[in-house]
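Notes follow once the structure below has been shown.
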Amino acid sequence: MAKLTRRGFLTTGFAATAAGSLSTRVEAAEAESDALEVSVEVDGEPKTFRVGPDTSALTALRAAGSTGVKEGCGHGACGACTIVKDGQTACACLLPAVALKGARVGTIHGVAKGGVLHPVQRAFLAEDALQCGFCTPGFVVEAAHWVDAWRAEHGDVEPGRDAVAAAMAGHLCRCGAYAAIYRAIQGAAAGRFDRAPSKGPRADGVPKVTGEARYTVDIALPGMLEGAVLRATTGAGRLVRLDLAAARAVPGVRAVVRLAEDGAAIRYFGQELAAVAADDEASAHAGIAALAAEIEPSAPIIGLDAAMAPGATEVFAKRAHKQAPSAAEGLLLPTRWKEGNVRGPFRSDFFSGHRKAEGRIEEAAIQHEATFDTQIQAHCTLEPHATVAKVDGERIEVWASTQSVTDFQADIADHFEVKEDDVTVHAEFVGGGFGAKAIVMADTIVAIELAREANLPVRVALSRADEIAVGGNRPAQRFHMRMGATESGHLAGFQSEAYADGGVSVGTITGFLMRLIYPSSRKELLDHDVVTNSAPAKPLRGPGGPPAFFALEQMVDEIAKQRGESPFQLRRRWDPNAGRIRIYDWMEGLDVWKKRPTGPQTGRYRVGVGVASAAWFYFTQVNTQVEVTLAGGRITASTASQDMGNGTRSAIAWALADALGLEPGEVEVSVGSTDAVQGPMSAGSRTTASVVPAAEHAAEQIRDALVDHAREARGLRGTAQRHGLQQDSGGFTSWKDLIQDAPRISVVGRRKSDDRAFFLPFALGGLKIGKQSPGAVQLTEVEVDTWTGKVRVTRAYAGIAVGRIVVPALARSQVEGGIVQGIGYALYEDRRLDPHTGVLLTAGLEDYRIPGIGDAPEITVHFDEQGFEDVRGGGVGLAEICTVPCAASVANAVANATGVRMHALPIRPDRVRGALA
Amino acid sequence: MIRFPTSIEEAATTAGSVRAGGTDLQERRRHGLASGDLVDLRDLEGLDAIEVRDGRLHIGALATMADLAAHPGAQLWKGLVEASGGLATPQIRNRGTVGGNLLQQVRCWYYRSPHLTCAKKGGARCLARHGDALNHALYDRGGCIAPHPSTLAVALWAYDAVIVLDGDERRTIPELLGPGREPTQTHALPEGRLVVGIEVPMPPVGEGAAYKRAISRARAEWPLVEVTARCVRVGTALGGVVLTVGAIENRPVRLDSLSEVLNGAQPGAMAGLVEQALAEPGNLPQTAYKLDLLRATVVDTLSEAWRRAGSTG
Ligand SMILES: Cc1cc2nc3c(=O)[nH]c(=O)nc-3n(C[C@H](O)[C@H](O)[C@H](O)COP(=O)(O)OP(=O)(O)OC[C@H]3O[C@@H](n4cnc5c(N)ncnc54)[C@H](O)[C@@H]3O)c2cc1C
Ligand code: SF4
Ligand code: FES
Ligand code: FES
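If you read the protein sequences in the order shown, they are chains A and B.
Everything in the first sequence is counted per the working numbering, starting at 1132 for the first residue and increasing by one.
Everything in the second sequence is counted per the working numbering, starting at 8 for the first residue and increasing by one.
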């Protein structure tokens, strides 16, 4: 069953890694008798629901077609399901449907009245207060309700940030759109958006603020079955037995597939063992219960210390090592298993004088040595992994929450041994990815297998707990660092010895990242994978970056401190990157820096300012194409890519508009289906650098066609200029004008190579890596309560050097979101497993703590647009680089405030108190 | 089976789990931690009233936390309305009831996992005690080490509230919750009994009160420590101090001996006295840090109460 894909990772993690599942105590969902009738008015329309005693209002409303009401957590923490019931907001997920009896309910679908958007919706569009859009309906319902009440009470007075944070405290946005949400709600309450246009910079914003956007979880096909997956409920052990026949005998069950053989090893909590498809969710769960999985648990290996302890149990018994899936973004780089649970070291320090590093450090005037530990971070996208599959003979049609329709298509074709043309993948709207949805996971394979067996469409979606358990995570890491600086303040050398807990997966490499910055020194860079009984890691926004720079940039900060020198001054000497140096200049001029506290502080609350730099790769997918069609006076574009909030649609629309003298809103872009020409994966910050040049190439061809059209239809001759045709006779005709009556033209634009050579002549995992390196610097101000150990980020400044910015509003949103996620990583997020059983403890959004709106600081974003002229399109991606320096910058700020350095993430109250004690 | 009783008598005599707002119960039922027949209080009228009568605050069991927080008459009980308006999230406060808040289940991650059976669920051991108890109690007093979840219990105890049951029986907060030695028991209300309302005596004129919690994020997080404080000004000195604390044991704690020390003290001496009095180190490996949070939150909350107190001469 396990199968390696073209790219060399296990598509599903079963068979090979699934060696057993724990005897699982799945609760039989009580058969819901839909005996209760509830009459309710939904958005002004009378409705009658037939529900059971435990049916939630969320389930009832979604079943009745109000799919704009979203499920993000199912337990009252995220607010995606927010509705208004009889004049008060409520979480529909915890509200029994029977409570709706006689109620007046307002959902996202009723916020716009008579097709006219509410000022809050206009504000969200104008301020770009959304990315993937999955949390947006909940925020908009709450904000519209609150803003109306605010204005009724206070008039058009702008509320403070604190009032907005209090009102929105029951909402979570994983994309971290809070900075813009503040602007939107404050502005709407002050009456600034009453007459704002009903469109904003984001090409797909309107369906997201009205609840009309359909995500994979919203797809319902006729006859569709609900799939459920039996998962291991222990971290280690052996699957003894499954009773497939009993599951098949459950009424309503239409298909059962086994995903692990009897006797197979269980290597992580949540490992897939079997799956069931049934007429409804309750029957599917009854089928899972009937499988009566019998599991023989054994003691799991949880965490680096347990895995590396002498005599530790081997997570992969002899010769099973090869089954470890890859957590890497590109290729899995070869290295050797050392012993037990450790693989490596992998050296990234070739041509870096690594043999001399140690000696140089030991001779150096200033030396520093420290160990840093980082935690496991879950991607935790607000829309979970979900797939709807339909199988018709050889034809497979899939709706999936994916970051790459084309890679899913290829992987599915590969796995099921059918032709790629026989596989269609759709992903019109994707509720966040961050790297978790780039490769096919078990949910997709299982949905297809179930659909094939049942001969009916099947939906499989992960719960929030599943998502945190197996949806993807950033490995925990430990870095032993040494660094030396010469008398004159030059970097003599540094060493990093890294160990990564990627669960059962391997391939975490951080040494490569550490050599992207501070080139002129001797470095020794070693990476080890340590396998443990935890679900496989996946690339998470800047894979390896936040932990690596957390370690590296604190070392740099420490050296600057020991030298008594400004961290900017030191970095100017060490860092040759022109973009970052310009950012240092900008930051040094900021008041927050000039007025920073210097010298020791004594009060309870201490303020600190910290700086950290980061470097990243420039990736592009050179087979990217964008098809552009001019017909009936309108421009439409399409590509087989997807928009998970990163702005694929908007980047194409703005690039075409810019090249043809149109408004971005005049270009219609469709993505999210493999029916279009080859498009890029939405990962590795490659989207902009891939689609923009392809769109521009298409625009050139459209312009050529318009020149012909001008000559043939209007008898005009001339030369093509930026926004139109300069006629030889002296007149000027805009492209816009020529588009009006041009005949149908369809062209395909390609992402051609850059003029400057790429880093490697071949593509790695579908990617070309450029020689140019994007840069970022973050300056952070924190306030530390030394009595409680609580750290609050008050202001953050990001300087981003990635060249040309195509859609400024969306670029800013990305950076603001990257900082918010980085703050989550720095201060709160920590995926925890029980050390004795391997069971997930942080199984919901109450315990897996992502930042809320009150945690978002005031953020200033500065783009340095120079220096990427030799990249086609003039700029590279920024989605990852913007989050990489954040944790380090926060930690350096804490060190500045308190005089103590935090060596472990997250920087929790107990750790700060411990360090201060 | 689900019933919708229309009178207190009918509700009290119908077998099954009582459902008020359902914000706690529904999550447990979904994960199989609770099951069986439901007695849904939806159609029970009149139990959501809040009024000040005969020198007491009367709160119906079905009043929501948002109702209580916003009620004009209740503002005299500042520590209570602040607790009610500061817990959970706006949407949960709009739906969750004060009765349900008092009788909700713990948030221990072992308890909430459908895959584990700890002592509270009738299993042999408390799994947190030897597992991961990062947010658990500061003091292990035996039994369960999950903090009691009810914020309102902490605040109501500070006001010596009386819980009214069906049949007009009355309980103090410690009586309602029970001693906390038996891990399966999060409260001591027998199955089938109903909380009907709460009566809170009037605070003295000029009293200042406050509620605060220590959390790691800005908002909407379960408290690591939570405190309700009441006091009056006696000249320049503290008087009438009452302090109740949540999240440091499996029951709310009332710091009466500390209050005695503080009565008559100058507010400037508060921090020192608190540090001296609250000196017992925690006895669980991961939560010793909570002692610092406890001291800081007590000082913060009482200082706020002091600022709000009017002079009583
Ligand atoms: C994200 C989040 C954060 C939260 N944070 C906090 C917090 O900081 N502090 C805090 O205190 N709470 C917090 N809560 C919990 C919340 O306050 C409770 O869920 C709510 O108060 C329960 O009220 P309910 O009416 O919905 O109770 P229900 O779910 O209906 O009932 C809860 C329990 O009480 C019983 N019950 C209810 N009413 C009665 C009655 N009248 N007589 C007898 N038995 C009854 C039920 O049988 C059930 O066992 C949080 C909840 C969420 C989702
Ligand atoms: S603390 Fe209480 S609820 Fe948690 S594991 Fe122990 S007994 Fe169970
Ligand atoms: S889905 Fe209801 S609050 Fe998250
Ligand atoms: S936009 Fe909020 S979760 Fe994606």
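Beta carbons: idealized from backbone N, C-alpha and C, even for Gly.
None of these values were measured; they are calculated from a predicted model.
Asked, Found
"Between A/Gly1442, A/Leu1231, A/Tyr1959 and A/Ser1816, which has its C-alpha nearest A/Gln1508's C-alpha?", "A/Tyr1959"
"Where DSSP assigns a beta bridge to A/Trp1468, which residues make up the other side?", "A/Arg1474"
"Counting only Cβ pairs nearer than 8 Å, list the residues of chain B close to A/Ser2055.", "Nothing can be reported for residue 2055 of chain A: it is not among the residues displayed for chain A, which extend from 1132 to 2048."
"Taking C-alpha atoms, which residue in A/Trp1277, A/Asp1259 and A/Leu1261 lies nearest to A/Val1242?", "A/Trp1277"
"So is A/Arg1727 buried or exposed if we call it buried at 16+ other beta carbons inside 10 Å?", "buried"
"Is there at least one Cβ from chain A nearer than 7 Å to B/Asn324's Cβ?", "There is simply no residue 324 of chain B to check, as chain B begins at 8 and stops at 320 in what is shown."
"DSSP beta-bridge partners for A/Tyr1313?", "Note: A/Tyr1313 sits in no beta bridge, so no partner."
"List, in chain order, every chain B residue whose beta-carbon is nearer than 9 Å to that of A/Asp1436.", "Ordered by position in chain B, no residue passes the 9 Å Cβ test against A/Asp1436, which lies about 14 Å from the chain."
"Kindly examine ligand 2 and report whether one of its heavy atoms sits closer than 6 Å to the Cβ of A/Tyr1313.", "no"
"For A/Val1802 versus A/Asp1839, is the C-beta spacing smaller than 7 Å?", "no"
"Ligand 1 and A/Gly1397: does the residue's C-beta get closer than 6 Å to at least one heavy atom of that ligand?", "For clarity, residue 1397 of chain A is Ile in the given sequence; the question names Gly instead. The answer is no for A/Ile1397."
"Hey, how far is the Cα of B/Asp74 from the Cα of A/Arg1323?", "31 Å"
"Can you list, in chain order, the residues of its chain whose CB lies under 6 Å from that of A/Ala1159, leaving out five sequence neighbours each side?", "Because A/Ala1159 sits at a pLDDT of 33, beneath the cut-off of 50, its placement in the model cannot be relied upon, and the following sentence gives the value as read from the coordinates. Excluding positions up to five away in sequence, the list reads Ala1417 and Ala1420."
"Closest Cβ-Cβ distance between B/Asp74 and chain A: below 7 Å?", "no"
"Just curious, the beta strand (DSSP E) that A/Val1924 is in, first and last residue?", "Lys1921 to Ala1932"
"Kindly indicate if chain D contains any beta-carbon less than 7 Å away from that of A/Leu1972.", "Protein chains in the displayed structure are A and B, and chain D is not among them."
"Taking all protein chains shown into account, do 16 or more other C-beta atoms lie within 10 angstroms of the C-beta of A/Val1589, making it buried, or fewer, making it exposed?", "buried"
"Which of helix, strand or coil does DSSP assign to A/Phe1625?", "strand"
"Tell me whether A/Trp1747 sits in a helix, a strand or coil according to DSSP, three-state version.", "coil"
"For B/Pro190, which residues in chain A fall below 8 Å Cβ to Cβ?", "The premise fails here: B/Pro190 is roughly 18 Å from chain A at the closest Cβ pair, so nothing lies under 8 Å."
"Chain A partners of B/Pro97, CB-CB under 7 Å?", "Thr1220, Ala1298, Ala1300 and Gly1301"
"Determine, for B/Asp147, whether the minimum Cβ-Cβ distance to residues of chain A falls below 7 Å.", "no"
"Got a sec: is the Cβ-Cβ distance from A/Asp1965 to anything in chain B below 7 Å?", "yes"
"Could you please tell me which residues of the segment 18-31 of chain B, in chain order, have their CB closer than 9 Å to any CB of chain A?", "Arg26, Gly28, Gly29, Thr30 and Asp31"
"Which residues in chain B have a C-beta closer than 9 Å to the C-beta of A/Arg1980? List them in chain order.", "Ser223, Arg224 and Glu228"
"Quick test of the definition: if touching needs 3 or more C-beta pairs under 8 Å, does the segment 227-239 of chain B touch the segment 300-309 of chain B?", "yes"
"Using a Cβ cut-off of 7 Å (strictly closer), state whether B/Arg49 contacts chain A.", "yes"
"When the Cβ atoms of the segment 1647-1658 of chain A are set against those of the segment 1621-1630 of chain A, are three or more pairs found closer than 8 Å?", "yes"
"Roughly how many angstroms separate the alpha carbons of A/Ala1448 and A/Ala1455, rounded to a whole number?", "11 Å"
"With 16 other CB atoms within 10 Å as the buried threshold, where does A/Phe1265 fall?", "buried"
"When DSSP builds the beta bridges, which residues end up paired with A/Ser1804?", "A/His1557"
"I'd like to check one pair, A/Thr1770 with A/Ala1829: are the Cβ atoms closer than 7 Å?", "no"
"Give, in chain order, every unbroken run of the alpha helix (DSSP H) that is at least 4 residues long and sits entirely within the segment 1351-1391 of chain A.", "1375-1379"
"Identify the continuous alpha helix (DSSP H) that holds B/Met277 and give its terminal residues.", "Met277 to Ala284"
"Taking the runs of the beta strand (DSSP E) that are 3 residues or longer, which of them lie wholly in the segment 1783-1864 of chain A?", "1798-1802, 1849-1851 and 1855-1858"
"Less than 8 Å between the CB atoms is what I'm expecting for A/Val1637 and A/Val1446, so what's the real figure, rounded?", "Not really, about 11 Å apart at Cβ, beyond 8 Å."
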